[in-house]
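Trainee: Counting in this note's numbering, the sequence shown runs from 11 upward without gaps.
Provided herewith is a single structure, encoded as C-alpha cells, for subsequent inquiry.
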Amino acid sequence: MKGFLWENSARKKVSSCGLRVQCCLRCLPAAKPLPNLFLLHLLLFSISALFSTQRCRTMIKLFKVKEKQREQAENASGGPPVKKQSAGELRLHKDISELNLPTSCVIRFPNGKDDLMNFEVSIQPDDGYYMGGTFLFTFQVSPIYPHEAPKVKCKTKVYHPNIDLEGNVCLNILREDWKPVLNINTVIYGLYHLFTEPNYEDPLNHEAAAVLRENPKLFESNVRRAMAGGYVGQTFFTRCM
C-alpha cells in the first residue's frame with residue numbers, strides 16, 4: 011500500500027518474574043521515521059515492567075516491618091498489647107451503630123464496651139398475649155459473623171410455643187434461613203415478632219403449641235398466669251411483669 015508500511019513491526023519481549031511485555035507497531039507512515047519520543051517512552055515502559063514485581067514485593071515487606079515496629083513500640087510503652095479486631099467484630103460494630111429499634115427493645119453490654127460479642131436484649135411487647143411482660147435474651151456472636159448466625163437464648167422462663175423451658179428459641183432466621191446480609195436489627199425484630207405472633211406450626215414447646223392451636227382462650231390464660239408468677243401445669247414460672 012502506497013504511503014504506509016504494513017509489516018514494519020518491532021516485537022520486543024522482556025521477561026522477569028513471569029512478566030512479559032509485547033509491543034507491536036503497525037500501520038506507521040512509511041515516509042516518516044519512528045519518533046524518538048515514542049521510542050523513549052517504549053524503552054521506559056519496558057524497563058519499568060522489569061522491576062514492577064520486585065518493587066511490589068519490596069513494598070509488602072516494608073509494610074510488614076512498619077507494622078511490627080508499631081506493635082513493638084506499643085508494647086514497650088508499658089500498655090497491654092493492642093488486640094486486633096476480627097472481621098466479625100468490625101461487622102458487629104457496624105450493625106450496632108446502625109440499630110433502629112422500637113422503644114420496647116433495649117440492648118445492653120454487661121461486660122462493657124470491650125466485649126461487643128456478648129450482649130443482652132430485653133423485649134417488652136406492647137401488643138398481643140405477652141403485653142406487659144419483660145423478656146431477656148442473651149446474644150453470643152461468632153468471630154466469623156455474619157457468615158454464622160448469632161446464638162440467642164431466652165433467660166426468662168416463658169410459656170411460649172416457640173421458646174422451650176431451657177430458653178432455646180425457634181426462629182427461622184437463626185437457623186436455615188440465616189444469610190450474611192441479615193443483621194442484629196433483623197434478629198431483634200424477629201424475636202419481637204414471636205411475642206406478637208406466636209406460631210404453633212413450628213414449636214419447641216409442643217404442649218403450649220397444642221393449647222394455642224386448640225384453645226386460644228386457655229392459652230391466653232396460661233400466658234397471663236405464667237407472667238404473673240405461678241404454675242402452669244407442673245411448671246413454675248417466675249414473675250416477669
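Virtual Cβ for every residue (Gly too), placed ideally from N, Cα, C.
#1: Check this for me: beta carbons of C164 and N172, under 7 Å apart or not?
#2: Identify every residue that forms a DSSP beta bridge with H170.
#3: Are the Cβ atoms of F3 and V162 separated by less than 7 Å?
#4: Tell me which same chain residues have a C-beta within less than 6 Å of the C-beta of T196, skipping the five on either side of it?
#5: Once DSSP output is grouped into helix, strand and coil, what is the label at T113?
#6: Taking the continuous beta strand (DSSP E) assigned at T245, which residues delimit it?
#7: Hey, T248 and K189 are a contact pair by Cβ (cut 8 Å); roughly how many whole angstroms apart?
#8: Note down the Cα distance separating S114 from Q134, rounded to an integer number of angstroms.
#9: Among the candidates N178, F119, E130 and N182, whose CA atom is the shortest distance from the CA of E211?
#10: Taking Y155 as the reference, give the member of M141, L102 and I117 with the closest Cα.
#11: Please state whether DSSP places T148 in a helix, a strand or coil.
#12: For F129, name the three-state secondary structure that DSSP assigns.
#13: In terms of residue numbering, what span does the beta strand (DSSP E) encompassing K161 cover?
#14: For E217, collect the residues of the same chain with a Cβ closer than 8 Å to its Cβ; drop the 5 residues on either side in sequence, then sort them by chain order.
#15: Quick check: the Cα distance between A97 and F149, rounded to an integer number of angstroms?
#16: Within 10 angstroms of the Cβ of G143, are there 16 or more other Cβ atoms? Answer buried if so, exposed if not.
#17: In the DSSP assignment, find the unbroken alpha helix (DSSP H) run with V233 in it and report its ends.
#18: Residues in the same chain with beta-carbon distance under 7 Å from E99, minus the five sequence neighbours each way, listed in chain order, please.
#19: Could you check which residue in S107, F246 and I198 has the C-alpha nearest to that of E130?
#20: Taking the straight line between their C-alpha atoms, what separation do you get for P226 and D187?
#21: Which term fits M251, buried or exposed, when burial requires 16 or more other beta carbons within 10 angstroms of its beta carbon?
#22: For A238, count neighbouring Cβ atoms within 10 angstroms of its own Cβ and tell me buried if that reaches 16, exposed if not.
Mentor: The structure says:
#1: Contact: no.
#2: Partner residues in the beta bridge of H170, as assigned by DSSP, are I173.
#3: As shown, the chain starts at 11 and ends at 251. That puts residue 3 outside it, with no answer to give.
#4: Answer for T196: no residue qualifies.
#5: Under the three-state reduction of DSSP, T113 is assigned to coil, being neither helix nor strand.
#6: Unbroken beta strand (DSSP E) run through T245: T245 to F247.
#7: So it is not a contact: roughly 35 Å between Cβ atoms.
#8: Q134 has its alpha-carbon roughly 5 Å from the corresponding atom of S114.
#9: The option with the nearest alpha carbon to E211 is N182.
#10: Taking Y155 as reference, the option from M141, L102 and I117 with the minimal CA-CA separation is L102.
#11: Strand, per DSSP.
#12: It is a strand residue.
#13: It spans K161 to C164 - the beta strand (DSSP E) in which K161 sits, taken as one unbroken run.
#14: Excluding residues within five positions, the ones whose Cβ falls inside 8 Å are G243.
#15: In a straight line, the C-alpha of A97 is about 18 Å away from that of F149.
#16: So G143 counts as buried.
#17: Counting along the chain, the alpha helix (DSSP H) containing V233 begins and ends at P226 to A238.
#18: Excluding sequence positions up to five before and after E99, its CB lies within less than 7 Å of the CB of L126 and M127, all in the same chain and listed in chain order.
#19: Of S107, F246 and I198, the residue nearest in Cα terms is I198.
#20: P226 and D187: Cα-Cα distance of roughly 28 Å.
#21: Looking at its Cβ environment, which holds fewer than 16 other Cβ atoms inside 10 Å, M251 is exposed.
#22: Within a 10 Å sphere around the beta-carbon of A238 sit fewer than 16 other beta-carbons, which makes this residue exposed.
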